[in-house]
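Trainee: Input: one structure, supplied below.
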Amino acid sequence: MTIASLLEPITGKPGPVRLEQAEDWMQGRTLYGGASALVAFTMAMRAFPDLPPLRSAQIGFVAPVGDEIELTAEIVRQGRNVTQVRSEIRNEKGVALTAFWLFAAEREPNGQRPADPPENWPGLPDENPAAMEGKGPTFIQNNFELRYGQSKGEDHGATIRRWARLTEDHALDPVSKLVLMGDVMPPGAMRIMQRMGPISSINWSFNVLDPHSQSKDGWYLSENSSQHLDHGYSSERLRMYDAEGRQVLDGLQSVAVFG
Numbered sequence: 012m013t014i015a016s017l018l019e020p021i022t023g024k025p026g027p028v029r030l031e032q033a034e035d036w037m038q039g040r041t042l043y044g045g046a047s048a049l050v051a052f053t054m055a056m057r058a059f060p061d062l063p064p065l066r067s068a069q070i071g072f073v074a075p076v077g078d079e080i081e082l083t084a085e086i087v088r089q090g091r092n093v094t095q096v097r098s099e100i101r102n103e104k105g106v107a108l109t110a111f112w113l114f115a116a117e118r119e120p121n122g123q124r125p126a127d128p129p130e131n132w133p134g135l136p137d138e139n140p141a142a143m144e145g146k147g148p149t150f151i152q153n154n155f156e157l158r159y160g161q162s163k164g165e166d167h168g169a170t171i172r173r174w175a176r177l178t179e180d181h182a183l184d185p186v187s188k189l190v191l192m193g194d195v196m197p198p199g200a201m202r203i204m205q206r207m208g209p210i211s212s213i214n215w216s217f218n219v220l221d222p223h224s225q226s227k228d229g230w231y232l233s234e235n236s237s238q239h240l241d242h243g244y245s246s247e248r249l250r251m252y253d254a255e256g257r258q259v260l261d262g263l264q265s266v267a268v269f270g
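What follows is the structure, encoded as structure tokens:
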């Protein structure tokens with residue numbers, strides 16, 4: 012199922028929406044985080060179609076998102092270069108996801124500093140074995156192809172890194188693709204948990220470094236790394252790189268670690 016089928020009911024007008032094709036994007040009892048974020052992003056884009064490129068976002072995963080939802084979007088402030096938009100997904104009990112989007116036009120640069128390349132470059136996707144074949148949640152099996160982005164069988168601490176691409180191009184614009192794919196990896200905390208147990212993303216904040224990214228063959232190197240794990244919560248750093256090793260997304264996430 013294409014992501015377009017999931018997004019088709021979103022008109023940009025506030026009100027109830029039924030996501031007819033949600034089942035292929037589920038992660039347990041909720042819509043996969045990247046897909047639910049994309050629903051809220053698409054609502055903002057279709058409500059206000061003349062926005063400049065997305066530069067940053069703050070997303071709160073409040074409650075499970077199912078197929079019966081209500082969508083809202085509003086411009087919080089619109090300046091000469093920067094427009095800030097809030098969009099929300101609601102279920103029958105209240106807010107399920109709240110998102111704050113920062114759109115901004117390009118400016119004449121006053122200094123330049125490229126992002127650092129990834130450490131221990133793993134080689135291109137076709138140089139690495141397939142990962143999670145026949146395993147993982149529904150949304151992975153139905154929509155993504157994964158390959159290892161770090162040597163298999165070695166200790167990489169609290170870092171998970173994989174090459175990922177959508178199994179269908181979905182005709183998504185570059186930023187929508189980054190929103191959909193940016194949360195595809197499980198938290199790095201899974202690598203250092205003392206015992207298996209459920210995990211749940213609480214929020215996700217990210218900066219878009221290249222809103223025009225078109226990585227070769229749709230592959231992106233996705234890396235999640237726990238920066239601190241204690242008291243049942245992990246602070247995670249999320250990065251995405253294109254096939255040439257250029258960072259395109261930089262994010263942070265708080266994850267609840269149960270069990």
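176 is the number that this note's numbering gives to position 165 of the sequence shown; each next residue is one higher, with no gaps.
The beta-carbon is built from N, C-alpha and C at its ideal position, and this holds for glycine as well.
Note that the coordinates shown come from a computational prediction; the quantities given were computed from them, not determined experimentally.
Can you tell which of W174, G270 and L220 has its C-alpha closest to the C-alpha of K227?
Mentor: W174
Trainee: Please work out which residues of its chain come closer than 6 Å, Cβ to Cβ, to I203, disregarding the five sequence neighbours upstream and downstream, and give them in chain order.
Mentor: A169
Trainee: Over the uninterrupted beta strand (DSSP E) stretch that includes A97, give me the two end residues.
Mentor: Reading off the sequence, residue 97 comes out as Arg, not Ala. Residues V93 to N102.
Trainee: Using CA atoms only, rank isn't needed, just tell me which of I21, S47 and A115 is closest to W215.
Mentor: S47
Trainee: Note down, in chain order, each residue of its chain lying with its Cβ closer than 8 Å to the Cβ of P136, except the 5 sequence neighbours on either side.
Mentor: R158, W174, R176, D228, W230 and A254
Trainee: For L157, name the three-state secondary structure that DSSP assigns.
Mentor: strand
Trainee: Between R97 and F114, how many whole angstroms is the CB-CB distance? I'm expecting something under 8 Å.
Mentor: About 12 Å; that fails the 8 Å criterion.
Trainee: Pick from G199, R124 and V76: whose alpha carbon is nearest that of T41?
Mentor: V76
Trainee: Nearest-angstrom Cα distance between Q38 and T94?
Mentor: 32 Å
Trainee: Looking only at its chain, what residues have a beta carbon closer than 7 Å to the beta carbon of A271, apart from the 5 residues adjacent to it on each side?
Mentor: Absent from the model: residue 271. The displayed extent of the chain is 12 to 270, so no value can be given.
Trainee: Output the residue ranges of the alpha helix (DSSP H) runs that lie fully inside the region 160 to 221 and measure 4 residues or longer, sorted by chain position.
Mentor: Counting only runs of 4 or more, we get 185 to 192.
Trainee: Tell me the rounded alpha-carbon separation between M201 and G208.
Mentor: When rounded, the distance between both Cα atoms is 9 Å.
Trainee: DSSP three-state label for G44, please.
Mentor: DSSP, read as helix, strand or coil, puts G44 in helix.
Trainee: Quick check on DSSP: helix, strand or coil for M251?
Mentor: Residue state, collapsed to three classes: strand.
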